[in-house]
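One structure below.
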Amino acid sequence: MSKSLFADMILGEKNGAPIYRMFVGGEWIDGDSGEHFEVVNPEDGKVVALVPSGSIENASKAMDAAYLARKEMEFMSPVKRSEILAKAAALFAEHQEEVVQRIVVETGKPVTDAHGEVSAAIKRLQYAAEEAKSIKGETIPGGTISDKGVNQTALLVRKPLGVILGITPFNYPCFIPMSKIAPALAAGNTVVIKPASSNPTAVLYLGKFLEEAGLPAGAYNVVTGGGKELGSYLASHPKVNMISFTGSSKVGNEIAHQAGKVKLHLELGGKCPSLVSQNADLDVAAKESVKGALKFSGQRCDALSRFLVEEKVYDKFVKNILSEVKKWKVGEIQDKETECGPLINEAALMKVLDLIDDAVTKGAKVLYGKEIKEGSLLMHPVVLVDVTTKMRIAWEETFGPVLSIIKVKDFDEAIAIANASEYGLDSSVFTQDVDEAMYAANHLESGTVQINAAPAHGLGNFPFGGDEESGMGREGIGYSVQDMTKVHSIVFNPKK
Ligand code: NAP
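Just so we're aligned, residue 2 is where the sequence shown starts under our numbering, counting upward by one.
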């Protein structure tokens, strides 16, 4: 670790684990309580960081700082904002290995996936630097309703909202916060981030890059600590203008109730279906379905977790799935070949096992799977067949490496089961018949429908988001800036 750059971000160390500080009002602070919580490596249970248990007072100071800095950010020239973000992206690129390693040891994410996440986050920041310069308004001529206003002209100027609160989940501890922070700053807002407590340090590094790049004090703040207390305090704070939350539907709904009259962007849970038609290329369908199910051990909102397969091709599809699943390398997180590592914690593992038990009790069969070693969170992929809609696993978010395969009589039944879910985030449709693809795409109730591919956020070039219990609003390059700005109307009323 380059001491000179990160020195004031780290207070010291305990038994080899760095003790971090929070970033509030442009200062690296230890937190009023003086207490720290432990961050553990899901692979071996070792403590890999100590992070301040932020107090309500710290959270309040972060809000005040963001509120104070908002005018400076609003009236900073777009080109200056762009330069700061581009410089931060360059610094991030230079020091990316530090952040990759933090993600690996705090999240249990295989190193190759962590590299992918960090490089996507850097690109997102670079795109935001460009977007800062391309925010534009429009004009409306008068006289469109009556002759009277014929000399009027309205200028519609896009203004930042003010203070944006980001509350983020464990599964993408760098990319998801970046998808909020980068467009928020590009649009001239200020930001307070409350990261997941399992892996909160990536956003602290980002604070360092932004600070070094010249972002004004208070424009970016990170408060660490428990979501229940801190998160709900922040979410109901009167100085917040918009909350951008990514996490479970349960917490998202709580935030929506607490928030009051602020703009909300909610990226919540999912139960994404893969619809496999008798007209599908079954090799593509199996390969993409397995990728969609197993990447990061299924700990993704957009994980494919129920496979609705037409009975004519069911046996062949299952055979293909089995041969694909066996190719996935499960193992140590620092091994570059590893594709599936441990789950985030014991509770997550127990939830997945409980869903499998429920399904097996109700008649599902485990076609593939391996015993979990005592004390380990490493879970091999599981293939469940003969799954029915009576089983919880057909409806509840699994967040684990499980493929639940349901036989359907026809494609309409597949669409009906897909739409019966309370979630509506992503769907994948596998068919070679373009009419069928279009029909399914038009009838599926999810934010995105992928034709012949697994769901993927990508870098945000396509808008991403869900409906119903999967949330509201769309995130993406351009879309987020639009969402994080408001229209300010200036009407000219010339005498002549
Ligand atoms: P989570 O338990 O809902 O936590 C998310 C964040 O909310 C964390 O920072 C957490 O802090 C905080 N929090 C917890 N209770 C809170 C409260 N009462 N008020 C305010 N904030 C509170 O989610 P997770 O387990 O980290 O992440 C997995 C979930 O995120 C899954 O459901 C997944 O589908 C969803 N997700 C959705 C998307 C999407 O784009 N739709 C993307 C990724 C993940 P602590 O960590 O301190 O508890």
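The beta carbon of each residue, even a glycine, is placed where N, CA and C say it ideally should be. Given the structure is predicted, the values throughout are model-derived calculations rather than measurements.
Which residue comes first and which comes last in the alpha helix (DSSP H) that contains residue i?
i, result
"MET74", "57-75"
"GLN259", "250-260"
"LYS320", "315-326"
"PHE93", "79-95"
"ILE177", "176-187"
"THR362", "347-362"
"GLU230", "Element bounds for GLU230: n/a, residue is neither H nor E."
Kindly list the residues whose CB is nearer than 6 Å to the CB of residue i, restricted to its own chain and excluding five residues on each side of it in sequence; keep chain order.
i, result
"VAL101", "ALA115, HIS116, VAL119"
"GLY46", "none"
"ILE452", "VAL430, ALA438"
"HIS444", "ILE416"
Give a yes or no on whether the C-beta atoms belonging to residue i and residue j are separated by under 8 Å.
i, j, result
"THR169", "ALA50", "no"
"PHE431", "SER306", "no"
"ALA218", "GLY26", "yes"
"LEU404", "LEU385", "yes"
"PRO184", "ALA130", "no"
"LEU356", "LEU350", "no"
"GLY138", "ARG71", "no"
"PRO196", "VAL158", "no"
"LEU205", "MET10", "yes"
Under 7 Å Cβ to Cβ from residue i, same chain only, skipping five residues before and after it: list those, please.
i, result
"GLY425", "GLU446, SER447, GLY448, GLY467, ASP468, GLU469, SER471"
"ASP33", "SER56, GLU58, ASN59"
"ASP284", "ASN321"
"GLY461", "ARG125, SER180, GLU476, GLY477, ILE478"
"GLY189", "MET74, GLU75, MET77, ARG82, PRO161"
Consult DSSP for residue i and reduce its assignment to one of helix, strand or coil.
i, result
"GLN279", "coil"
"LEU126", "helix"
"VAL241", "coil"
"SER3", "Note that SER3 has pLDDT 46, beneath the 50 cutoff, so the model's placement of it is unreliable and the number below is only indicative. Reduced to three states, the DSSP call for SER3 is coil."
"ALA50", "strand"
"GLN451", "strand"
"LEU12", "strand"
"ARG103", "helix"
"ASN222", "strand"
"GLY167", "strand"
"GLY472", "strand"
"VAL331", "strand"
"VAL41", "strand"
"HIS381", "coil"
"HIS458", "coil"
"PHE210", "helix"
"PHE297", "helix"
"VAL158", "strand"
"LYS264", "strand"
"PHE412", "helix"
I'd like the list of long-range same chain contacts for residue i, defined as Cβ closer than 8 Å, with 5 residues on each side in sequence excluded.
i, result
"ILE407", "ARG307, PHE308, LEU309, VAL310, VAL388, THR389, THR390, ALA395, ILE418"
Could you spell out the range, first to last residue, of the beta strand (DSSP E) harbouring residue i?
i, result
"MET23", "23-25"
"ASP427", "427-431"
"GLU28", "28-30"
"PHE498", "The first residue shown for the chain is 2 and the last is 497, placing residue 498 beyond what the model contains."
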